[in-house]
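Residue numbers (the numbering used here): -11 to 327.
C-beta: ideal position from N, C-alpha, C; glycine also.
Only one structure is covered here, and it is reproduced in the block below.
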């Protein structure tokens, strides 16, 4: 009797020991697997991508990267808040578009300051024959005529519905100096960019006028007019047409539509690029007899023109080398960074 009881106790001990052993092994294995998984995840490196690879994610609706129907092979970001954030010099910028070769056009997310586009007296009325009221109003052309990609001794801004072959109303002359804001951005501001400035390339900015607020041409014609004159430089501002093309609202399709948008609200809705408060300078001059008006983007929803001497918000724009590689998701919390 005692012997049977003893054997039963021994069997219980063996069974309990096996259960304990199995439990310990199970817990240990689970911990090992967890540690292995964590280690594996830690060893997985995020893949760097090129600007060209970003263009694989083209969309046709909502926020995102769209094909630019006005320029072959180019893509641009549209919508309320697409994932186009990029960190540069420790600050947030946003990608406006990506060229055929991968060059990215970016703009600072916030204004650096409120400044005049052209301080009165920067260009004199005698040698700068185009700038007839420069001493009081400033002058509305971004550069000296000698700094054009194709320098001309007497350049011409054409009147509304521009057709160089038929228009008779023109504003012509010479300009001896760059606009004061151009000088500031490409000297003082540029020198503050630190090591990241090596990624900025010289680029042919369109500095012509898109036309007049009463111009009824299409966005394609507006862009063509902006491109009549080009400037090779490092830092500029966005074009009027950049602001127009960044909305998903297809009714915002021209300078004329954008000018009227303060009542229709068709251009600043679903548009990440549109300024949220006040007015912001563009690089685009407005045609007019005073030769002192420049287009701005206004938070009320339209594109008015203001005298170059006025102070408005400034967001620098420049182009990055197509040879860079990017890490990140493009969100505000996890912006792209240059590897």
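Contact annotation, residue 261 with residue 298: C-beta distance approximately 21 angstroms; criterion of less than 8 angstroms not satisfied. The continuous alpha helix (DSSP H) containing residue 171 extends over residues 168 to 172. Residue 220 and residue 170 have their alpha carbons spaced roughly 12 angstroms apart. With at least 16 other beta carbons inside 10 angstroms of its own, residue 273 counts as buried. Looking at the DSSP output, residue 113 sits in no beta bridge, so it has no partner there. Distance from the CA atom of residue 218 to the CA atom of residue 258, rounded to whole angstroms, is 30 angstroms. Rounded to the nearest whole angstrom, the C-alpha separation of residue 238 and residue 115 is 44 angstroms. Around the Cβ of residue 173, a 10 Å sphere holds 16 or more other Cβ atoms; the residue is buried. Segment contact: the stretch 82 to 94 against the stretch 123 to 138, fewer than three CB-CB distances shorter than 8 angstroms; contact not assigned.
When the five nearest sequence neighbours on each side are left out, the beta carbons in the same chain lying within less than 6 angstroms of the beta carbon of residue 308 are those of 92 and 187, in order along the chain.
Taking a cut-off of 8 angstroms for Cβ pairs, the stretch 173 to 185 and the stretch 200 to 210 do not touch, as fewer than three such pairs fall below it. Around the CB of residue 196, 16 or more other CB atoms lie within 10 Å, so the residue is classed as buried.
Secondary structure note for residue 244: its alpha helix (DSSP H) is the uninterrupted segment 243 to 247. For residue 263, DSSP assigns no beta-bridge partner whatsoever. In the three-state DSSP reduction, residue 276 falls in the coil class, being neither helix nor strand.
In this model, residue 102 and residue 306 are separated by some 19 angstroms (Cα to Cα). Relative to residue 113, the option among 98, 83, 165 and 136 whose CA is nearest is 165. The residue from 111, 131, 296 and 223 with its alpha-carbon nearest to that of residue 179 is 223. Residue pairing by DSSP places residue 183 opposite no residue, since no beta bridge is assigned to it.
Around the C-beta of residue 265, fewer than 16 other C-beta atoms lie within 10 Å, and the residue is accordingly described as exposed. Selection 323, 64, 138 and 58 evaluated against residue 44 yields 64 as nearest (Cα-Cα).
Per DSSP, reduced to three states, the secondary structure at residue 188 is strand. Taking a C-beta distance under 7 angstroms as the contact criterion, residue 176 and residue 225 do not qualify as a contact pair.
As summarised for the stretch 50 to 76, there are no continuous alpha helix (DSSP H) elements at least 4 residues long confined to that stretch. Taking 7 angstroms as the cut-off, the beta carbon of residue 323 is found closer than this to the beta carbon of residue 75. The DSSP-derived three-state label of residue 100 is coil. Note that the C-beta distance between residue 296 and residue 282 is below 7 angstroms.
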